[in-house]
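Taking it in order: structure first as structure tokens, then the write-up.
Numbering (this note's numbering), first residue to last: 1288 to 1646.
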């Protein structure tokens, strides 16, 4: 037992030393303290808020690791006085809990962007495949809802366009720590291969859906959108009919004229709320759009094209003649397709983060 704890403790300390140095270590924390304690610190409120935010981000990275090391050292001391089998079982349980915490912190350490900690907008569009593709969007939508539920994230429906056999497109906000950091691995084309339930001949069909992920932008980040830069259209929200049909033009579509980016919301009965939600999504998409343009300046055309090409097929989901989910970037595979479609995509996300960190 003691050897197990020592081995894990040494492993964590080695990883933490490297990470701490990469974060800037004590020198960076001290630098923030000097700046904050300066009597002129609040003269520039905007700059002061930025420094405080950076300090909090660094602390949020440092403190969990220090807490983990402290808990393991505490466990090591308890191991010295453990006598009964019950004591040993409790220690074993605690070690397993701390191993999971270590794995989580290691995954979090792969996040390099400031926006990784933010909430995320997730949009799914149907591609080639007609009715089958719309059903595929419904399946992916359910999988992401289940994933969010498992992680303890909250979700809010922003826009839903139904079609025969399923969903044409859907946008939701996923609210929770590192929602964007985890889910940005899902950006790209998702391919479905199965015998279609919509085909009487029982032929095998291939369908496609595209997934977009954008970080929800903090109010402190200024994204200027002038009235003349956009066109706002209102229309009646689509629905199944009957007493719940929206008889007023409460749905809102916003088009950013320069970039051609379009966002919309029709889930709320209030036009004002739908406009607010559509504008929120637009700001996030513009932030990502201009960030990619900046990245293009410092990369070769080939690299930039790879980054912004949403046409990249990232994952295949094969139901027949065998079952397999395969990520084409990391080569990670899982034959348990039912589990994956129930939202168990953590392994795919973790493998992507490792792959991205090494590339």
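Yeah, the Cβ is synthetic: ideal placement off N, Cα and C, and Gly gets one too.
Of all the options the options, which has the alpha carbon lying nearest to the alpha carbon of residue i?
i: residue 1440; options: 1462, 1420, 1496; result: 1462
i: residue 1468; options: 1398, 1629, 1300; result: 1398
i: residue 1350; options: 1396, 1338, 1369, 1372; result: 1396
i: residue 1557; options: 1537, 1568, 1438, 1545; result: 1537
i: residue 1297; options: 1333, 1348, 1321, 1355; result: 1355
i: residue 1631; options: 1437, 1505, 1512, 1442; result: 1437
i: residue 1361; options: 1371, 1348, 1373, 1378; result: 1378
i: residue 1375; options: 1611, 1288, 1544; result: 1288
i: residue 1339; options: 1637, 1574, 1316; result: 1316
i: residue 1681; options: 1352, 1332, 1426; result: The chain is shown from 1288 up to 1646; residue 1681 falls before or after that span and cannot be answered.
i: residue 1455; options: 1426, 1442, 1474; result: 1426
i: residue 1475; options: 1300, 1601, 1638; result: 1601
i: residue 1412; options: 1458, 1638, 1371; result: 1458
i: residue 1505; options: 1571, 1543, 1329, 1453; result: 1571
i: residue 1348; options: 1329, 1326, 1330, 1400; result: 1400
Give a yes or no on whether 8 Å exceeds the smallest Cβ distance from residue i to chain B.
i: residue 1362; result: Note that chain B does not occur in the displayed structure, where there is just one protein chain.
To the nearest angstrom, how far is the alpha carbon of residue i from that of residue j?
i: residue 1359; j: residue 1385; result: 8 Å
i: residue 1313; j: residue 1323; result: 15 Å
i: residue 1551; j: residue 1428; result: 18 Å
i: residue 1346; j: residue 1554; result: 38 Å
i: residue 1597; j: residue 1432; result: Interpretation of residue 1597 is limited by its pLDDT of 41, a score under 50 that renders its predicted location unreliable; the figure taken from the coordinates is listed afterwards. Distance between the alpha carbons of residue 1597 and residue 1432: 22 Å.
i: residue 1336; j: residue 1318; result: 15 Å
i: residue 1579; j: residue 1471; result: 14 Å
i: residue 1640; j: residue 1388; result: 17 Å
i: residue 1295; j: residue 1334; result: 41 Å
i: residue 1421; j: residue 1485; result: 11 Å
i: residue 1393; j: residue 1447; result: 36 Å
i: residue 1611; j: residue 1633; result: 16 Å
i: residue 1593; j: residue 1599; result: Unreliable placement is indicated for residue 1593, whose pLDDT of 42 sits below 50; no coordinate value is reported for it.
i: residue 1489; j: residue 1643; result: 39 Å
i: residue 1402; j: residue 1508; result: 11 Å
i: residue 1583; j: residue 1449; result: 36 Å
i: residue 1581; j: residue 1514; result: 24 Å
i: residue 1512; j: residue 1344; result: 28 Å
i: residue 1290; j: residue 1363; result: 9 Å
i: residue 1519; j: residue 1341; result: 36 Å
i: residue 1303; j: residue 1608; result: 46 Å
i: residue 1621; j: residue 1638; result: 12 Å
i: residue 1442; j: residue 1332; result: 33 Å
i: residue 1300; j: residue 1373; result: 29 Å
i: residue 1452; j: residue 1487; result: 15 Å
i: residue 1365; j: residue 1380; result: 13 Å
i: residue 1546; j: residue 1307; result: 40 Å
i: residue 1328; j: residue 1390; result: 38 Å
i: residue 1321; j: residue 1330; result: 15 Å
i: residue 1524; j: residue 1406; result: 26 Å
i: residue 1483; j: residue 1309; result: 50 Å
i: residue 1560; j: residue 1645; result: 42 Å
Taking a contact to mean a Cβ-Cβ separation below 8 Å, would you say residue i touches residue j in this structure?
i: residue 1635; j: residue 1624; result: no
i: residue 1510; j: residue 1541; result: no
i: residue 1503; j: residue 1460; result: yes
i: residue 1628; j: residue 1435; result: no
i: residue 1564; j: residue 1445; result: yes
i: residue 1619; j: residue 1501; result: no
i: residue 1478; j: residue 1491; result: no
i: residue 1548; j: residue 1522; result: no
i: residue 1404; j: residue 1465; result: yes
i: residue 1368; j: residue 1292; result: no
So, under 8 Å CB-CB, residue i and residue j are touching, yes? Tell me the CB distance rounded to an integer number of Å.
i: residue 1603; j: residue 1613; result: 5 Å
i: residue 1410; j: residue 1499; result: 4 Å
i: residue 1567; j: residue 1539; result: At roughly 11 Å, the Cβ-Cβ gap does not stay under 8 Å, so residue 1567 and residue 1539 are not in contact.
i: residue 1573; j: residue 1615; result: Contact doesn't hold; Cβ gap of about 29 Å is too wide.
#### Entry: Cβ contact (3+ pairs, closer than 8 Å) linking the stretch 1410-1430 and the stretch 1495-1505
yes
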